[in-house]
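Reviewing the structure listed below.
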Amino acid sequence: MNDETYHLETLAITAGRPTPSPDGPINPPISLNATLHAGGPIGYGRYGNETWEALEKAIGALENGPTLVFPSGLAAISTIFSLLPIGAVVTASHQGYSGTMAMLHKLQETGRIEVRYVHVADTEEVIAALPGTALLWIESPTNPSLEIADLPTIIEAAKKLGCGVAVDNTFAT
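Counting in numbering that gives the first Met the number 0, the sequence shown runs from 0 upward without gaps.
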């Protein structure tokens, strides 16, 4: 199947599925294994599996780019923060998921990063905090108070300054 020839609506229901074959599955089987036979490209089930690969392919086709899925949101968040150089400035929501907030506080406490906390619903405050920022980390809507950020305006300002941007939109989904 060549995903590039399908409309977005068709990709949404077909991307990541196995190539049709007689008696073959319509959907990829769910793989719950942690250990796999050696010698393949994955090697260990916690690094990936066929189920994850199917999801990555489907999302990648819909978003027109590479995709990487994680077993949890906090695993994804931790990975993003681990990519920052020591001392990097992160501008972040003043409130958010407790696991994220604890991680930000711990990383700042240990000198790993510097965090500037902002009220995401105050667009001017967020934009004013951006100069020198390596990563803009926003939850929108925020957890638990459901504050909404003006994402198009804030992201445009961040990109103009060369800031990386990550948005946790768990509450929106």
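Each residue gets a CB set at the ideal place from its N, CA and C atoms; glycine is no exception.
Fair warning: this is a prediction, and the values are worked out from it, not measured in the lab.
Item to check | Completely contained beta strand (DSSP E) runs for the region 125-166, where each covers 3 or more residues | outcome: 134-138
Item to check | Ala37 in three-state terms, based on DSSP | outcome: coil
Checklist entry - Sorted by chain position, which residues of the same chain lie with C-beta nearer than 7 Å to Ala14's C-beta, five sequence neighbours on each side aside? => result Asp2, Lys56, Ala57, Ala60, Leu61
Checklist entry - Which whole-angstrom value describes the C-beta separation of Thr122 and Thr152, a residue pair presumed to lie in contact below a C-beta threshold of 8 Å? => result 6 Å
Item to check | Counted within 10 angstroms of its Cβ, other Cβ atoms place Arg111 as buried (16 or more) or exposed | outcome: buried
Item to check | DSSP bridge partner residues for Ile112 (one or two, in chain order) | outcome: Ala87
Item to check | Beta-ladder partner(s) of Ser92, from DSSP | outcome: Val117
Item to check | Distance, Ala53 Cα to Pro27 Cα | outcome: 7 Å
Checklist entry - Between Ile41 and the rest of its own chain, which residues show a CB-CB distance below 7 Å, the 5 nearest in sequence each way excluded? => result Leu35, Gly47, Asn48
Next on the checklist: Here's the rule I'm using: 16 or more other beta-carbon atoms within 10 Å means buried, otherwise exposed. How should Ile76 be labelled?
Outcome noted: buried
Next on the checklist: Would Arg16 and Ile25 be called neighbours here (beta carbons separated by less than 8 Å)?
Outcome noted: yes
Checklist entry - Thinking just about the alpha-carbon of each residue, which of Asn63, Ser71, Glu124, Leu82 is nearest to the one in Trp51? => result Ser71
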